[in-house]
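Report on one structure; see the data block that follows.
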Amino acid sequence: EVQLEESGGGLVQPGGSLRLSCAASGFTFSSYEMNWVRQAPGKGLEWVSYISSSARIIYYADSVKGRFTISRDDAKNSLYLQMNSLRAEDTAVYYCARGYSYGYDFDHWGQGTLVTVSS
Amino acid sequence: DIVMTQSPLSLPVIPGESASISCRSSQSLLHSNGHNYLDWYLQKPGQSPQPLIFLGSNRASGVPDRFSGSGSGTDFTLKISRVEAEDVGVYYCIQTLQTPPTFGQGTKVEIK
């Protein structure tokens, strides 16, 4: 069974940093593209970042470019999101999602981890 | 960026009846390979989003055939036949043709 489990969320002050992790199991992690998608409280879904299976191709939403860094460790079956210079508008539940075929076809999602940016 | 517009934003439904959600894109989502890069997701209350439809009309694994997707180019529709109580939640369309992939605002489906 495919499972994705996010961790690392919490309360952080504006300007601070946080590192999210997504532990994958039940599939060959190294073969799949991965994404982060977020959802601000009471709001809709927003794609954040993508990483190819080889990690050679990486994309970011303009709203996080230059502040967030996506990475993966295939030996640990894990996906990461390093978030720096956090802003109040980054407050959201962050989901990791697997891209099944064309990168953005999110066939499995984690349960999400809440990041709150507040002083 | 491609802008996705859903309507309606709220949809009260009667169990057993059908319901339709529209999704329009600011640019054509039809790729030269013949596929429309438009997907649908459902987020049930308190849960993570789950896939319903990929590439305009292909049901995701395990999705009941009550759900169907149609359309091409810039106009797409998700139809739910014989709505059940478990179908409540927020439905999102997303274009996956271009980076960044962009979601519609979401349509909240609730039982009337």
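Chains H and R, in that order, give the protein sequences.
Remember, this note's numbering sits 9 above the position in the first sequence when you count from 1.
Just so we're aligned: 82 in this note's numbering is position 93 of the second sequence, and the numbers increase by one with no gaps anywhere.
Note that the Cβ used here is the ideal one computed from N, Cα and C, for glycine as well.
{"Asked": "Amino acids of chain R, ordered along the chain, whose beta-carbon sits closer than 7 Å to that of H:F115", "Found": "P40"}
{"Asked": "Check whether R:L31 and R:G78 have beta carbons under 8 Å apart", "Found": "yes"}
{"Asked": "Rounded Cβ spacing between H:S17 and H:T122 (contact assumed at less than 8 Å)", "Found": "Before going on, a small fix: residue 17 of chain H reads as Gly here, not Ser. Correct: roughly 6 Å between the Cβ atoms."}
{"Asked": "Interface residues of chain H facing R:D28 [CB-CB closer than 9 Å]", "Found": "Y113, D114, F115"}
{"Asked": "Which listed residue (R:S59, R:D(-10), R:A74) has its alpha carbon closest to that of R:N25", "Found": "R:S59"}
{"Asked": "Three or more C-beta pairs below 8 Å linking the stretch 40 to 51 of chain R and the stretch 3 to 12 of chain R", "Found": "no"}
{"Asked": "Euclidean distance between Cα positions of H:G4 and H:E42", "Found": "There is simply no residue 4 of chain H to check, as chain H begins at 10 and stops at 128 in what is shown."}
{"Asked": "C-alpha distance - R:G51 paired with H:P23, whole-angstrom precision", "Found": "42 Å"}
{"Asked": "Proximity test, Cβ basis, 8 Å: R:Y81 and chain H", "Found": "yes"}
{"Asked": "Test: H:W45 CB closer than 8 Å to a CB of chain R", "Found": "no"}
{"Asked": "Cutoff 8 Å: R:T66 Cβ touching any chain H Cβ", "Found": "no"}
{"Asked": "Expected contact under 8 Å - CB spacing of H:Q48 and H:V102 to nearest Å", "Found": "5 Å"}
{"Asked": "Exposure label - H:I67; buried when at least 16 CB within 10 Å", "Found": "exposed"}
{"Asked": "7 Å Cβ shell around H:W56 - same chain, five flanking residues per side excluded", "Found": "N44, V46, A70"}
{"Asked": "Contact residues within the stretch 50 to 68 of chain H, judged by C-beta distance below 8 Å to chain R", "Found": "G53, L54, E55, W56, Y59, Y68"}
{"Asked": "Buried/exposed call for H:E15, threshold 16 Cβ in 10 Å", "Found": "buried"}
{"Asked": "Neighbour flag for H:G121 against chain R, beta carbons, 8 Å", "Found": "yes"}
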